[in-house]
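Down below is the structure, laid out as structure tokens.
Number of protein chains: 2
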Amino acid sequence: MKISEKQSEKRRAILDASLKLFCEKCFQDTSTASISQEANVGTGTLFCYFDSKEELVNELYLECKSEFAEYIETGVWEHPTFKLQLKHIFDRTVQWYIDNPRKIKFMLQYSSSGLITKVTKERAMLRMNAVNDVVKKAMETGEATVQSLEMVCYAISAYFHQVGLYISEKDTKSIKKLQDEAFSLIWKGLN
Amino acid sequence: MKISEKQSEKRRAILDASLKLFCEKCFQDTSTASISQEANVGTGTLFCYFDSKEELVNELYLECKSEFAEYIETGVWEHPTFKLQLKHIFDRTVQWYIDNPRKIKFMLQYSSSGLITKVTKERAMLRMNAVNDVVKKAMETGEATVQSLEMVCYAISAYFHQVGLYISEKDTKSIKKLQDEAFSLIWKGLN
DNA sequence: TACTTTTGTGACTGATTAGTCAGTTTATTT
DNA sequence: AAATAAACTGACTAATCAGTCACAAAAGTA
Numbered sequence: 001m002k003i004s005e006k007q008s009e010k011r012r013a014i015l016d017a018s019l020k021l022f023c024e025k026c027f028q029d030t031s032t033a034s035i036s037q038e039a040n041v042g043t044g045t046l047f048c049y050f051d052s053k054e055e056l057v058n059e060l061y062l063e064c065k066s067e068f069a070e071y072i073e074t075g076v077w078e079h080p081t082f083k084l085q086l087k088h089i090f091d092r093t094v095q096w097y098i099d100n101p102r103k104i105k106f107m108l109q110y111s112s113s114g115l116i117t118k119v120t121k122e123r124a125m126l127r128m129n130a131v132n133d134v135v136k137k138a139m140e141t142g143e144a145t146v147q148s149l150e151m152v153c154y155a156i157s158a159y160f161h162q163v164g165l166y167i168s169e170k171d172t173k174s175i176k177k178l179q180d181e182a183f184s185l186i187w188k189g190l191n
Numbered sequence: 192m193k194i195s196e197k198q199s200e201k202r203r204a205i206l207d208a209s210l211k212l213f214c215e216k217c218f219q220d221t222s223t224a225s226i227s228q229e230a231n232v233g234t235g236t237l238f239c240y241f242d243s244k245e246e247l248v249n250e251l252y253l254e255c256k257s258e259f260a261e262y263i264e265t266g267v268w269e270h271p272t273f274k275l276q277l278k279h280i281f282d283r284t285v286q287w288y289i290d291n292p293r294k295i296k297f298m299l300q301y302s303s304s305g306l307i308t309k310v311t312k313e314r315a316m317l318r319m320n321a322v323n324d325v326v327k328k329a330m331e332t333g334e335a336t337v338q339s340l341e342m343v344c345y346a347i348s349a350y351f352h353q354v355g356l357y358i359s360e361k362d363t364k365s366i367k368k369l370q371d372e373a374f375s376l377i378w379k380g381l382n
């Protein structure tokens with residue numbers, strides 16, 4: 001980045017346009033020119049804010065992940081029990097997936113694209129610790145017993161992710177029922 | 192395809208070379224020329240077997256999926272109970288993931304790349320019915336009760352996939368233990 | 001106002017590559 | 001052996017696009 005930290009409106013517009021276009025087409029079929037056009041800036045402007053197209057996609061990825069991580073963990077510690085804390089994370093996962101279909105599509109598509117660098121993934125990972133924290137705490141208080149903490153947290157996160165994905169594509173009517181059955185399934189497994 | 196259905200050795204060589212190169216670099220950074228070179232055929236030969244680079248990647252994807260689907264369901268009905276049938280699928284999923292890291296990496300990376308067409312995905316889906324069949328049968332015999340069959344099957348498959356992915360990257364020593372804990376978790380959930 | 005600095009611009013370029021096609025080699029048939 | 005068909009080849013081309021850079025506009029300063 002060449003320009004001061006201040007989040008210029010142009011930078012914001014470029015990121016928004018990128019999210020839209022990277023979802024509609026793949027990275028390689030989205031020219032920087034088309035992004036600039038969608039964002040109503042000159043073709044050179046993009047490169048004032050991002051050194052390369054790759055850096056742009058990495059920034060966008062990190063931003064989406066951070067936003068999601070912050071959303072799911074907000075308010076988690078207001079719940080008194082492990083079960084409620086975990087349910088909080090699950091419910092907010094589903095809710096975020098429903099509210100942000102485009103960001104989800106983008107993250108899903110690009111996380112395994114080879115474009116997101118190891119460094120970006122690590123930076124994103126540092127912010128994704130809600131499940132880990134909750135399970136670790138529950139083990140301390142005796143509310144949960146797991147042998148391989150790492151694997152179980154991974155499995156729970158992955159389960160939440162996949163079920164969130166599934167539910168978010170369903171009718172509003174059936175969501176509550178599906179959500180309860182899905183949580184009940186994994187919760188029973190943990191006991 | 193211009194040439195008879197017969198699986199020519201050249202076709203095989205092109206698919207093998209593609210798998211290797213598509214894993215090392217992304218689709219767009221893998222030139223058809225480099226694939227032809229790796230496969231020891233002329234650059235034109237690739238287009239005798241596949242109309243385009245896109246068709247090639249779709250064929251490769253379908254082949255990998257089919258091979259996996261066949262592997263996990265082989266022998267499943269030799270087990271007498273739902274639990275053993277499900278464990279069979281889970282164990283074979285993990286085993287296949289361990290044995291075919293490259294194919295897994297390829298499928299993971301390309302399934303959400305936007306390159307695999309809806310038609311290819313549907314064709315692949317038709318072959319992925321092991322979990323569905325087993326759960327449906329168990330509901331008939333009363334061994335299982337689920338409300339949303341579709342979602343539960345989806346969740347189980349996704350769980351197997353993610354845990355398989357996790358375990359296959361671990362040490363040989365800890366695999367058995369992790370595998371048992373992971374299966375136990377989801378199995379308890381189903382009861 | 002006049003001068004300096006920051007920010008924004010878009011025509012242009014150098015490099016890359018999917019796919020073609022005219023021709024060669026190999027296999028099959030008569 | 002000759003003729004025909006099938007399989008294969010690689011030099012070539014037409015198109016694309018990330019990133020540059022010389023300049024313009026806007027904002028800041030004195």
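Just so you know, the protein sequences line up as chains Z and X, in that order.
For the first sequence, the numbering used here gives the first residue as 1, with consecutive numbering after it.
For the second sequence, the numbering used here gives the first residue as 192, with consecutive numbering after it.
The C-beta atom is built at its ideal place from N, Cα and C for all residues, glycine as well.
Output needed for Ile263 of chain X: all residues of its chain with C-beta closer than 7 Å, excluding positions within five of it in sequence on either side, in chain order. For the purposes of this step, residue 263 of chain X is identified with residue 72 of the second sequence, where counting begins at 1. So the list reads Ile280, Arg283, Thr284, Trp287 and Ala321, once near-sequence residues are dropped.
Cβ separation of Ser18 of chain Z and Leu62 of chain Z, assumed to be a contact under 8 Å, to the nearest whole Å: Taking the first residue of the first sequence as position 1, residue 18 of chain Z is located at position 18. Taking the first residue of the first sequence as position 1, residue 62 of chain Z is located at position 62. Rounded, the Cβ-Cβ distance is 13 Å, inconsistent with contact.
Any chain Z beta carbon closer than 8 Å to Glu372 of chain X: Looking up residue 372 of chain X in the second sequence gives position 181. Judged by the 8 Å Cβ criterion, Glu372 of chain X is in contact with chain Z.
So, for Val325 of chain X: in the same chain, excluding its five sequence neighbours on each side, which residues have a beta-carbon less than 8 Å away from its beta-carbon? Along the second sequence, one-based indexing puts residue 325 of chain X at 134. Excluding positions up to five away in sequence, the list reads Val267, Phe273, Gln276, Leu277 and Ile280.
Report the residue ranges of all beta strand (DSSP E) runs contained in full by the segment 233 to 276 of chain X; include only those spanning at least 3 residues, in chain order. none
Please decide whether Ala39 of chain Z counts as near chain X, where near means a Cβ-Cβ distance under 8 Å. Working through the first sequence from its first residue, we reach residue 39 of chain Z at position 39. Chain X, which has no Cβ nearer than 8 Å to the Cβ of Ala39 of chain Z, makes this no.
Stretch pair the segment 300 to 314 of chain X + the segment 112 to 124 of chain Z: three plus CB contacts closer than 8 Å: yes
Our contact map puts Ala155 of chain Z next to Gln353 of chain X with C-beta atoms below 8 Å; I'd like the distance itself, whole angstroms only. Translated into positions along the first sequence, residue 155 of chain Z becomes position 155. Translated into positions along the second sequence, residue 353 of chain X becomes position 162. Right, the Cβ-Cβ distance comes to about 6 Å (below 8 Å), so this counts as a contact.
Can you grab the Cα-Cα spacing for the pair Lys197 of chain X / Arg203 of chain X, in whole Å? By 1-based counting over the second sequence, the position of residue 197 of chain X is 6. By 1-based counting over the second sequence, the position of residue 203 of chain X is 12. Confidence in Lys197 of chain X is poor, its pLDDT being 44 and thus under 50, which makes the residue's placement unreliable; the coordinate value appears in the next sentence. So the two alpha carbons sit approximately 11 Å from each other.
To the nearest angstrom, report how far apart Val41 of chain Z and Phe22 of chain Z are at their CA atoms. Taking the first residue of the first sequence as 1, we reach residue 41 of chain Z at position 41. Taking the first residue of the first sequence as 1, we reach residue 22 of chain Z at position 22. Their Cα atoms are separated by approximately 17 Å.
Should Ile186 of chain Z be flagged as near chain X, meaning a C-beta pair shorter than 8 Å? Here residue 186 of chain Z is taken as the residue at index 186 of the first sequence, counted from 1. Yes, its Cβ sits closer than 8 Å to a Cβ of chain X.
Neighbour-count burial assignment, Val343 of chain X, 16 or more Cβ in a 10 Å radius: Residue 343 of chain X sits at position 152 when you count from the first residue of the second sequence. When all chains shown are included, Val343 of chain X counts as buried.
Give the list of continuous alpha helix (DSSP H) stretches no shorter than 4 residues that lie fully inside the segment 105 to 172 of chain Z. 118 to 127, 130 to 140 and 149 to 168
Return no unless some Cβ of chain Z is closer than 8 Å to the Cβ of Ser133 of chain X. Coverage of chain X is limited to positions 192 through 382, which leaves residue 133 of chain X absent and any answer about it impossible.
For Ala349 of chain X and chain Z, any beta-carbon pair shorter than 8 Å? As a first step, residue 349 of chain X must be located in the second sequence, where it is residue number 158. It does; some Cβ of chain Z falls within 8 Å.
Does the beta carbon of Gln276 of chain X come closer than 8 Å to any beta carbon on chain Z? As a working mapping, residue 276 of chain X is identified with position 85 in the second sequence. No, Gln276 of chain X does not count as interfacial toward chain Z.
For Gln219 of chain X, return the contacting residues in chain Z, with the cut-off set at a CB-CB distance below 7 Å. In the second sequence, counting from the first residue as 1, residue 219 of chain X sits at position 28. Near Gln219 of chain X (Cβ distances below 7 Å), the residues of chain Z are Gln28.
Using the Cα positions of Gly189 of chain Z and Asn132 of chain Z, report the straight-line distance between them to the nearest angstrom. Here the question's residue 189 of chain Z lines up with position 189 in the first sequence. Here the question's residue 132 of chain Z lines up with position 132 in the first sequence. Rounded to the nearest angstrom, the two C-alpha atoms are 17 Å apart.
Does DSSP classify Thr221 of chain X as helix, strand or coil? The count along the second sequence starts at 1 and reaches residue 221 of chain X at position 30. Looking at Thr221 of chain X - three-state DSSP - the assignment turns out to be coil, as it is neither helix nor strand.
For Asp371 of chain X and Met128 of chain Z, I'd like the C-alpha separation in whole angstroms. Your numbering for residue 371 of chain X matches position 180 in the second sequence. Your numbering for residue 128 of chain Z matches position 128 in the first sequence. In a straight line, the C-alpha of Asp371 of chain X is about 26 Å away from that of Met128 of chain Z.
For Lys53 of chain Z, which residues from the same chain have a beta carbon less than 6 Å from its beta carbon, with the 5 sequence-adjacent residues on both sides left out? Position 53 of the first sequence, counted from the first residue, corresponds to residue 53 of chain Z. The residues are Thr32.
Using a Cβ cut-off of 8 Å, pull out every chain X residue sitting near Met151 of chain Z, in sequence order please. What you label residue 151 of chain Z is simply residue 151 of the first sequence in a count that begins at 1. Simply Val354, Tyr357, Ile358, Leu369, Glu372 and Ala373.
Could you round the C-beta distance between Lys10 of chain Z and Thr45 of chain Z to whole angstroms and report it? I think they count as a contact, below 8 Å. As a working note, residue 10 of chain Z is residue 10 in the first sequence. As a working note, residue 45 of chain Z is residue 45 in the first sequence. Yes, they are in contact, since the Cβ atoms of Lys10 of chain Z and Thr45 of chain Z sit about 6 Å apart, within 8 Å.
Could you check where the alpha helix (DSSP H) with Leu190 of chain Z kicks off and where it finishes? In the first sequence, counting from the first residue as 1, residue 190 of chain Z sits at position 190. Per DSSP, Leu190 of chain Z belongs to no alpha helix (DSSP H) and is neither H nor E.
Could you tell me if Lys294 of chain X is buried or exposed, where buried requires 16 or more neighbouring beta carbons within 10 angstroms of its beta carbon? For this step, residue 294 of chain X is matched to residue 103 along the second sequence. Under this definition Lys294 of chain X is a buried residue.
For Ser417 of chain X, which residues in chain Z fall below 7 Å Cβ to Cβ? Any answer about residue 417 of chain X is impossible in this case: the structure gives chain X only from 192 up to 382.
Could you pull the start and end residues of the alpha helix (DSSP H) that Ala39 of chain Z belongs to? Residue mapping note: residue 39 of chain Z aligns to position 39 of the first sequence, counting from 1. Neither: Ala39 of chain Z is in no alpha helix (DSSP H) and is coded neither H nor E.
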